[in-house]
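Peer 1: Take this structure, written in structure tokens, and hold onto it; I'll ask about it next.
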Amino acid sequence: LFRHPLGLPIPHTALVPRRKDDLGASLEQFVTDNFLTPQVLREKILDAQVVRRLGDWLREPEHAERVVSEAVPFLVRAVERVDEEEIRVFVDDVILPRVRREPLSPVAGHLLERVVEDGSHHGLVDLGARELHAWLALHQDQVEAIVRSRAPSWAPTWVNDQVTRRVYTEVVRWAKDVKDDPQHNVRHALDAYLTELGRDLQHDPRTQQRFESLKERVLEHPQVSATGVALGETLRTSVLDALEDPHGALRGRMCSALVALGRQLGEDERLQARLDAWTADTVVSLVQRYGPEITSVISGTIKRWDAREAADKIELHVGRDLQFIRLNGTIVGALVGLTIHALSQLL
Numbered sequence: 006l007f008r009h010p011l012g013l014p015i016p017h018t019a020l021v022p023r024r025k026d027d028l029g030a031s032l033e034q035f036v037t038d039n040f041l042t043p044q045v046l047r048e049k050i051l052d053a054q055v056v057r058r059l060g061d062w063l064r065e066p067e068h069a070e071r072v073v074s075e076a077v078p079f080l081v082r083a084v085e086r087v088d089e090e091e092i093r094v095f096v097d098d099v100i101l102p103r104v105r106r107e108p109l110s111p112v113a114g115h116l117l118e119r120v121v122e123d124g125s126h127h128g129l130v131d132l133g134a135r136e137l138h139a140w141l142a143l144h145q146d147q148v149e150a151i152v153r154s155r156a157p158s159w160a161p162t163w164v165n166d167q168v169t170r171r172v173y174t175e176v177v178r179w180a181k182d183v184k185d186d187p188q189h190n191v192r193h194a195l196d197a198y199l200t201e202l203g204r205d206l207q208h209d210p211r212t213q214q215r216f217e218s219l220k221e222r223v224l225e226h227p228q229v230s231a232t233g234v235a236l237g238e239t240l241r242t243s244v245l246d247a248l249e250d251p252h253g254a255l256r257g258r259m260c261s262a263l264v265a266l267g268r269q270l271g272e273d274e275r276l277q278a279r280l281d282a283w284t285a286d287t288v289v290s291l292v293q294r295y296g297p298e299i300t301s302v303i304s305g306t307i308k309r310w311d312a313r314e315a316a317d318k319i320e321l322h323v324g325r326d327l328q329f330i331r332l333n334g335t336i337v338g339a340l341v342g343l344t345i346h347a348l349s350q351l352l
């Protein structure tokens, strides 16, 4: 197996040094055919129940905190690499061109229609009504000055003053009615207008064209890009501060989310089955694609070994077993020879 007897190049001897590369290739093929097959991998992954075990491990709060603590430094480095110039390039070269290309009127119309249906805008309408009433109540002189400026010059001053005060009183009363009455006609009219606007944004070409023109004018303003960059920088700074605070709300939410995920993974058998199947499919796909590169490590490593040194290492590793093999071979050979000799004498 390991050398030529007495140094003589007898055929079929010194197999390990001579056929080292062939043995490496055979071992590589053996691993590929018997360990990296789709069926074997899929069975092993499904039997391991990786998802359930991961869920049982993550549902412990200390384990979730450990995962977050290990992940935070990588997240911080990733966020720190995003500087202001990269945000500017992203806004100018990705966000704004995409917004320009995509027609937003159908999306805006659908969103507005759903908002009106759900009544989500009522809070904003209430706020606007309260602010309008408060402003009118606090700015009587300004309102009266506006009304008086529209009065005819030929009318007597005392008449204009009476009319102005009356108009102001009625306007304030009207604003109070809008503020206090959820079913006011103005509110219904506003709902009807918004509903019609949402429908026109989705189906009326003229309304869509006007909306897109407004979008273009807004996007062409230089402050839009600066505002986007400022928002991105503010978001980046806020995320960094939250990540670096070990007792902050963000890290607490991350830990709570991981615990909840672990609980769901450990208890939801249908989810376990889906994720186990997805994991098995992913691993099988990766091995089918990169399996030859993985197993080539075996043959490549063996090829780099020195033939004589490799034979000596293997022989040293299995030396004790080789002694028993040689002893067994001697005993078996002697018994076989003795049996043949005994039979020949009997015959």
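Numbers 6 to 352, taken from the working numbering, label the letters of the sequence shown in order. Just so you know, even glycine gets a beta-carbon here, dropped at the ideal spot from N, CA and C.
#1: Taking the alpha-carbon positions, what's the residue 328 to residue 345 distance?
#2: Select from 130, 151 and 257 the residue whose C-alpha is nearest the C-alpha of residue 71.
#3: If you check the beta carbons only, do residue 50 and residue 285 fall under 9 Å apart?
#4: Quick check: what's the CA-CA separation for residue 214 versus residue 192?
#5: Suppose the cutoff is 8 Å on Cβ atoms and the five residues either side in sequence are ignored; what does the same chain contact list for residue 28 look like?
#6: Would the stretch 131-143 count as touching the stretch 151-164 if we require 3 or more Cβ pairs under 8 Å?
#7: To the nearest angstrom, report how far apart residue 78 and residue 249 are at their CA atoms.
#8: Which residues in the same chain have their Cβ closer than 8 Å to the Cβ of residue 304, if we skip the five residues on either side of it in sequence?
#9: Taking a contact to mean a Cβ-Cβ separation below 9 Å, would you say residue 114 touches residue 203 in this structure?
#10: Can you list, in chain order, the residues of its chain whose CB lies under 8 Å from that of residue 230, leaving out five sequence neighbours each side?
#11: Counting along the chain, where does the alpha helix (DSSP H) carrying residue 26 start and finish?
#12: Label residue 324 either buried or exposed according to how many other C-beta atoms from any shown protein chain fall within 10 Å of its C-beta, with 16 as the threshold for buried.
#13: Please go through the same chain and pick out, in chain order, the residues whose beta-carbon is closer than 6 Å to the beta-carbon of residue 205, but skip the five residues on each side of it.
#14: Out of curiosity, what's the CA-to-CA distance linking residue 196 and residue 111?
#15: So, residue 245 versus residue 73, is the Cβ gap smaller than 9 Å?
#16: Apart from the five residues just before and just after residue 68, which ones in its own chain have a Cβ nearer than 7 Å to its Cβ?
#17: Contact defined as beta carbons within less than 8 Å: I believe residue 174 pairs with residue 149. What is the distance between those atoms, to the nearest angstrom?
#18: How long is the line joining the alpha carbons of residue 343 and residue 331, rounded to whole angstroms?
#19: Using DSSP with H/G/I as helix, E/B as strand and the rest coil, what is residue 156?
#20: State the Cα-Cα distance for the pair residue 336 and residue 348, rounded to the nearest angstrom.
#21: Which first and last residues belong to the alpha helix (DSSP H) in which residue 328 is found?
#22: Taking the alpha carbon of residue 58 as the reference point, which residue from 271, 118 and 296 has its own alpha carbon closest?
#23: Specify, as a first and last residue, the run of the alpha helix (DSSP H) that residue 176 falls within.
#24: Rounded to the nearest angstrom, what separates residue 227 and residue 233 at their Cα positions?
#25: Expressed to the nearest angstrom, what Euclidean distance is found between the alpha-carbon atoms of residue 83 and residue 320?
#26: Leaving out the 5 sequence neighbours to the left and right, which residues in its chain are closer than 8 Å to residue 41 when beta-carbon positions are compared?
#27: What are the start and end residues of the alpha helix (DSSP H) that includes residue 311?
#28: Tell me whether residue 281 is buried or exposed, calling it buried when 16 or more other Cβ atoms sit within 10 Å of its Cβ.
#29: Count the other CB atoms within 10 Å of the CB of residue 164; is the residue buried (16 or more) or exposed (fewer)?
#30: If we require 4 or more residues per run, which alpha helix (DSSP H) segments fall completely within the stretch 81-126?
#31: Report the rounded CA-to-CA distance for residue 85 versus residue 76, giving the unit in angstroms.
#32: Below 8 Å on the Cβ atoms is my contact criterion, and I expect residue 247 with residue 255 to pass it. Report the Cβ-Cβ distance as a whole number of Å.
#33: Tell me, to the nearest whole angstrom, how far the beta carbon of residue 260 is from that of residue 66; I am working on the premise that it is less than 8 Å.
#34: Suppose you measure from the CA of residue 152 to the CA of residue 172; what does that come to, to the nearest Å?
#35: Rounding to the nearest angstrom, what Cα-Cα distance links residue 6 and residue 35 in this structure?
Peer 2: Let me lay it out:
#1: Position 323 of the sequence shown, counted from the first residue, corresponds to residue 328. Position 340 of the sequence shown, counted from the first residue, corresponds to residue 345. Cα-Cα distance, rounded: 26 Å.
#2: By 1-based counting over the sequence shown, the position of residue 71 is 66. Measuring from the Cα of residue 71, the nearest candidate turns out to be 257.
#3: By 1-based counting over the sequence shown, the position of residue 50 is 45. By 1-based counting over the sequence shown, the position of residue 285 is 280. Yes. Within cutoff.
#4: For this step, residue 214 is matched to residue 209 along the sequence shown. For this step, residue 192 is matched to residue 187 along the sequence shown. Cα to Cα, residue 214 sits roughly 28 Å from residue 192.
#5: In the sequence shown, residue 28 corresponds to position 23, counting from 1. Correct list, in chain order: 21 and 307.
#6: no
#7: As a first step, residue 78 is located in the sequence shown; it is residue number 73 there, counting from the start. As a first step, residue 249 is located in the sequence shown; it is residue number 244 there, counting from the start. Residue 78 and residue 249 have their C-alpha atoms roughly 9 Å apart.
#8: If you number the sequence shown from 1, residue 304 lands on position 299. For residue 304, where only same-chain residues beyond five positions count, the Cβ hits under 8 Å are 26, 29, 30, 32 and 33.
#9: The sequence position of residue 114 within the sequence shown is 109, counting from 1. The sequence position of residue 203 within the sequence shown is 198, counting from 1. Cβ atoms of residue 114 and residue 203: closer than 9 Å.
#10: Counted from its first residue, the sequence shown places residue 230 at position 225. Excluding residues within five positions, the ones whose Cβ falls inside 8 Å are 93, 96, 97 and 101.
#11: In the sequence shown, counting from the first residue as 1, residue 26 sits at position 21. That run of the alpha helix (DSSP H) goes 25-39.
#12: By 1-based counting over the sequence shown, the position of residue 324 is 319. With fewer than 16 Cβ atoms within 10 Å of its Cβ, residue 324 is classed as exposed.
#13: The residue given as residue 205 occupies position 200 in the sequence shown. 212, listed in sequence order.
#14: Here residue 196 refers to the residue found at position 191 of the sequence shown. Here residue 111 refers to the residue found at position 106 of the sequence shown. If you take the alpha carbons of residue 196 and residue 111, they lie about 19 Å apart.
#15: In the sequence shown, residue 245 corresponds to position 240, counting from 1. In the sequence shown, residue 73 corresponds to position 68, counting from 1. Residue 73 sits away from residue 245, with the two beta carbons spaced by 9 Å or more.
#16: Counting from 1 along the sequence shown, the entry for residue 68 is found at position 63. These residues qualify, in order along the chain: 62.
#17: On the sequence shown, position 169 is the one that residue 174 refers to. On the sequence shown, position 144 is the one that residue 149 refers to. Going by Cβ atoms, the distance from residue 174 to residue 149 rounds to 10 Å, so no, they are not a contact pair.
#18: Locating residue 343 in the sequence shown gives position 338, counting from the first residue. Locating residue 331 in the sequence shown gives position 326, counting from the first residue. Cα to Cα, residue 343 sits roughly 18 Å from residue 331.
#19: Start at 1 with the first residue of the sequence shown, and residue 156 comes out as number 151. Correct three-state label for residue 156: coil.
#20: Looking up residue 336 in the sequence shown gives position 331. Looking up residue 348 in the sequence shown gives position 343. Those two C-alpha atoms are separated by around 18 Å.
#21: Here residue 328 is taken as the residue at index 323 of the sequence shown, counted from 1. Start and end: 324-351.
#22: Sequence index remark: in the sequence shown, residue 58 carries index 53 (1-based). Comparing Cα positions, the closest option is 271.
#23: Mapped onto the sequence shown, residue 176 falls at position 171. Where residue 176 is concerned, the enclosing alpha helix (DSSP H) stretches over 162-185.
#24: Along the sequence shown, one-based indexing puts residue 227 at 222. Along the sequence shown, one-based indexing puts residue 233 at 228. When rounded, the distance between both Cα atoms is 10 Å.
#25: Counting from one through the sequence shown, the residue named residue 83 turns up at place 78. Counting from one through the sequence shown, the residue named residue 320 turns up at place 315. When rounded, the distance between both Cα atoms is 51 Å.
#26: Translated into positions along the sequence shown, residue 41 becomes position 36. Only 292, 296, 299 and 300 meet the Cβ criterion.
#27: Counting from 1 along the sequence shown, the entry for residue 311 is found at position 306. First-last for residue 311: undefined, no H or E at that position.
#28: Position 276 of the sequence shown, counted from the start, is the residue given in the question as residue 281. Flag for residue 281 reads buried.
#29: Locating residue 164 in the sequence shown gives position 159, where the first residue counts as 1. Around the beta carbon of residue 164, a 10 Å sphere encloses fewer than 16 other beta carbons of the protein chains shown; the residue is thus reported as exposed.
#30: 89-95, 101-106 and 110-123
#31: Mapped onto the sequence shown, residue 85 falls at position 80. Mapped onto the sequence shown, residue 76 falls at position 71. C-alpha separation (whole angstroms): 14 Å.
#32: Along the sequence shown, read from residue 1 onward, the residue named residue 247 stands at position 242. Along the sequence shown, read from residue 1 onward, the residue named residue 255 stands at position 250. With 8 Å as the limit, residue 247 and residue 255 qualify as a contact, their Cβ atoms being about 4 Å apart.
#33: In the sequence shown, the residue the question calls residue 260 occupies position 255. In the sequence shown, the residue the question calls residue 66 occupies position 61. Yes, residue 260 and residue 66 are in contact; Cβ-Cβ is about 7 Å, under 8 Å.
#34: If you number the sequence shown from 1, residue 152 lands on position 147. If you number the sequence shown from 1, residue 172 lands on position 167. Distance between the alpha carbons of residue 152 and residue 172: 8 Å.
#35: Looking up residue 6 in the sequence shown gives position 1. Looking up residue 35 in the sequence shown gives position 30. When rounded, the distance between both Cα atoms is 20 Å.
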